[in-house]
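In UniProt numbering, the protein residues as written are 1 to 381.
The beta-carbon is built from N, C-alpha and C at its ideal position, and this holds for glycine as well.
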Amino acid sequence: CIRDSSHPRARRADTLADAGARLVVTDDTGAAAVRGLPVRTLPVRGAGSGDAPDPGPRTGEPARPEPDDLAYIIYTSGSTGRPKGVEITHGNLARLLDAADRHFDFGPGDVWTLLHSPAFDFSVWEVWGALATGGRVVVPTVEEVRDPAAIHRLLREEGVTVLNQTPAAFKGLRAHLERHGASFADLALRTVVFGGDAFDTRDYRDWFAGPAGERPALVNMYGITETTVHVTFREITADDPDGPAPSPIGLPLAGQHGYVLDHTGRLVPPGTVGELYVSGAGVARGYRDRPALTAERFVPDPYGPPGSRMYRTGDLVRLLPDGDLAYLGRADHQVKIRGFRIEPGEIEAALRDCPGVADVAVVARPAPGGGARLVAHVVTP
Numbered sequence: 001c002i003r004d005s006s007h008p009r010a011r012r013a014d015t016l017a018d019a020g021a022r023l024v025v026t027d028d029t030g031a032a033a034v035r036g037l038p039v040r041t042l043p044v045r046g047a048g049s050g051d052a053p054d055p056g057p058r059t060g061e062p063a064r065p066e067p068d069d070l071a072y073i074i075y076t077s078g079s080t081g082r083p084k085g086v087e088i089t090h091g092n093l094a095r096l097l098d099a100a101d102r103h104f105d106f107g108p109g110d111v112w113t114l115l116h117s118p119a120f121d122f123s124v125w126e127v128w129g130a131l132a133t134g135g136r137v138v139v140p141t142v143e144e145v146r147d148p149a150a151i152h153r154l155l156r157e158e159g160v161t162v163l164n165q166t167p168a169a170f171k172g173l174r175a176h177l178e179r180h181g182a183s184f185a186d187l188a189l190r191t192v193v194f195g196g197d198a199f200d201t202r203d204y205r206d207w208f209a210g211p212a213g214e215r216p217a218l219v220n221m222y223g224i225t226e227t228t229v230h231v232t233f234r235e236i237t238a239d240d241p242d243g244p245a246p247s248p249i250g251l252p253l254a255g256q257h258g259y260v261l262d263h264t265g266r267l268v269p270p271g272t273v274g275e276l277y278v279s280g281a282g283v284a285r286g287y288r289d290r291p292a293l294t295a296e297r298f299v300p301d302p303y304g305p306p307g308s309r310m311y312r313t314g315d316l317v318r319l320l321p322d323g324d325l326a327y328l329g330r331a332d333h334q335v336k337i338r339g340f341r342i343e344p345g346e347i348e349a350a351l352r353d354c355p356g357v358a359d360v361a362v363v364a365r366p367a368p369g370g371g372a373r374l375v376a377h378v379v380t381p
């Protein structure tokens with residue numbers, strides 16, 4: 001499984017136990033975060049540090065995973081307070097990379113950044129999207145990721161060509177450049193991929209004012225962990241800020257299918273709102289050791305080949321007349337904070353365990369710098 005050492009200790013322990021992890025590959029910081037937990041650690045040393053153990057001569061053939069073999073588990077928030085482990089196979093991941101090759105022109109000359117936590121599946125795209133096409137990945141520190149000035153400096157000094165950010169993070173970067181009289185025309189950046197949160201085209205009315213060659217292309221990609229990072233893509237154009245849909249998410253990637261269904265499970269006509277269901281080679285195995293929840297969310301696909309499944313996303317979309325999709329919001333209580341899918345119920349369950357808390361309600365509210373933040377309303381005894 002993929003874990004983040006910054007998560008609370010209780011969550012680290014729960015996810016490692018749920019995944020059945022016996023060995024943690026980590027650096028010194030990560031080793032400290034799992035000290036006392038029933039796992040062994042394998043330290044990772046920096047290249048050329050001189051203190052890495054000698055692995056000895058390589059023998060035998062390298063492992064060749066099958067498409068149905070497990071590639072990774074990423075945990076998402078659960079409404080009961082228990083995170084859900086999403087099992088992604090090598091076939092799922094290969095589908096994502098094949099789609100990237102079909103829809104983009106990424107190559108060996110590209111420089112990417114790894115800005116997101118390994119526990120957030122946007123990082124899977126950042127790492128493998130670059131390496132599978134021969135590109136280079138620049139890995140900033142956690143402090144740099146949170147500082148728009150540091151990101152600007154990294155983009156300039158490293159010649160970054162592909163940037164992946166949430167809309168709120170890119171908004172902060174744009175504001176920094178404007179305050180300092182800087183321009184994207186001074187950078188090597190050619191593509192910005194948005195994910196993790198709703199993108200609002202109305203924030204970009206002034207983006208298309210200058211010559212096209214002086215700004216990177218903007219690509220909005222909708223996705224969900226259970227369908228392997230990305231499902232749809234849409235390059236944003238000058239017409240979109242005044243178009244009919246503030247948050248267009250476009251068409252499914254190669255190998256994926258999107259169905260917009262009403263409450264009875266029937267396809268809706270163009271212009272109608274419905275819930276998005278996703279089928280295809282990106283649909284995950286299911287939730288680890290959660291057969292009932294897997295059966296509830298990963299349902300038979302009545303429009304696909306026999307035995308195929310589709311994932312019920314819980315997202316409301318509008319099917320536009322041209323076949324594109326527009327994102328409208330959630331059909332349940334989930335919220336997204338800086339790209340992370342969060343069940344307020346999980347936060348509420350943790351807060352109710354605190355002394356002096358009789359009850360609590362957690363809601364999302366607009367944050368001063370853009371995006372959203374969680375606010376807890378607490379009832380004391």
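Along the chain, where does the beta strand (DSSP E) containing I337 start, and where does it finish?
Residues 335 to 337.
Give a yes or no on whether the C-beta atoms belonging to N92 and A71 are separated by under 8 Å.
Closer than 8 Å, so yes.
Let me know if R40 comes out buried or exposed under the rule of 16 or more other beta-carbons within 10 Å of its beta-carbon.
When all chains shown are included, R40 counts as exposed.
With H, G and I counted as helix, E and B as strand and the rest as coil, what does DSSP make of E226?
Three-state result, E226: helix.
Start and end of the beta strand (DSSP E) containing H7?
Counting along the chain, H7 falls outside any beta strand (DSSP E), and DSSP gives it neither H nor E.
Which residues in the same chain as R215 place their Cβ atom closer than 6 Å to its Cβ, once the five residues preceding and following it in sequence are excluded?
Taken in chain order, the residues that qualify are F184.
Looking at the unbroken beta strand (DSSP E) that takes in F233, where does it start and where does it end?
Here the beta strand (DSSP E) through F233 covers 232 to 235.
According to DSSP, Y277 sits in a beta bridge with which residue or residues?
Y277 pairs with Y259, R312.
Measure how close the beta-carbons of L328 and P270 come, nearest whole angstrom, since I'm counting them as under 8 Å.
That belief does not hold up - the Cβ atoms of L328 and P270 are roughly 15 Å apart, past 8 Å.
From E348 to D200, what does the alpha carbon distance come to, in whole angstroms?
Distance between the alpha carbons of E348 and D200 is about 29 Å.
Going by the beta-carbon positions, is the gap between L261 and G274 smaller than 8 Å?
Yes; because the gap between Cβ atoms is below 8 Å, this pair is in contact.
Rounded C-beta distance between E87 and R288? I'm assuming under 8 Å.
E87 to R288, Cβ: 5 Å. Contact.
Ignoring anything shorter than 3 residues, give me the beta strand (DSSP E) runs that lie fully in the segment 8 to 41, in order along the chain.
23 to 26, all fully within the segment 8 to 41.
So does the segment 222 to 233 actually touch the segment 117 to 137, counting three or more Cβ pairs closer than 8 Å?
Judged by Cβ distances under 8 Å, the segment 222 to 233 makes contact with the segment 117 to 137, as three or more pairs qualify.
Just how far apart, CA to CA, sit P302 and D239?
Each residue's alpha carbon lies about 36 Å from the other.
Tell me, please, whether the segment 172 to 182 touches the segment 137 to 156 by the rule of three or more beta-carbon pairs shorter than 8 Å.
Contact holds: three or more Cβ-Cβ distances are below 8 Å.
Flag this pair as yes or no: are the beta carbons of G195 and T166 separated by less than 8 Å?
The answer is yes: Cβ separation under 8 Å.
Between the C-alpha atoms of D14 and D105, what's the straight-line distance to the nearest angstrom?
Roughly 40 Å between the two C-alpha positions.
Count the other C-beta atoms from every protein chain shown that fall within 10 angstroms of the C-beta of T294, then say buried if there are 16 or more, exposed otherwise.
That one is buried.
Alpha carbon to alpha carbon, how far is R309 from H257?
Those two C-alpha atoms are separated by around 11 Å.
In angstroms, rounded to a whole number, what distance separates the CA positions of P241 and F208?
Roughly 10 Å between the two C-alpha positions.
Just mark L325 as buried or exposed, buried being the case when its beta carbon has 16 or more other beta carbons within 10 Å.
It is buried - the Cβ of L325 has at least 16 other Cβ atoms within 10 Å.
For N220, which beta-bridge partners are listed by DSSP?
F194, R234, per the DSSP bridge assignment.
Classify V139 as buried or exposed, calling it buried when 16 or more other Cβ atoms lie within 10 Å of its own Cβ.
Exposed: under 16 other Cβ atoms inside 10 Å.
Can you give me the start and stop residues for the alpha helix (DSSP H) that T272 sits inside?
Run containing T272: none; DSSP gives neither H nor E here.
Closer than 6 Å by C-beta to Y75: which residues in its own chain qualify, once you throw out the five before and the five after it? Chain order, please.
If we look at Y75 and ignore the five residues flanking it on each side, its Cβ neighbours are T15, P83, G85.
For R365, count the other beta carbons within 10 Å of its own beta carbon; 16 or more makes it buried, fewer makes it exposed. Which is it?
So R365 ends up on the exposed side.
I'd like the list of long-range same chain contacts for G134, defined as Cβ closer than 7 Å, with 5 residues on each side in sequence excluded.
Result list for G134: G107, P108, in chain order.
Just to confirm my understanding: we take A188, look at its own chain, exclude 5 residues before and 5 after, and list those with CB closer than 7 Å. What are they?
Excluding residues within five positions, the ones whose Cβ falls inside 7 Å are G159, V160, T161.
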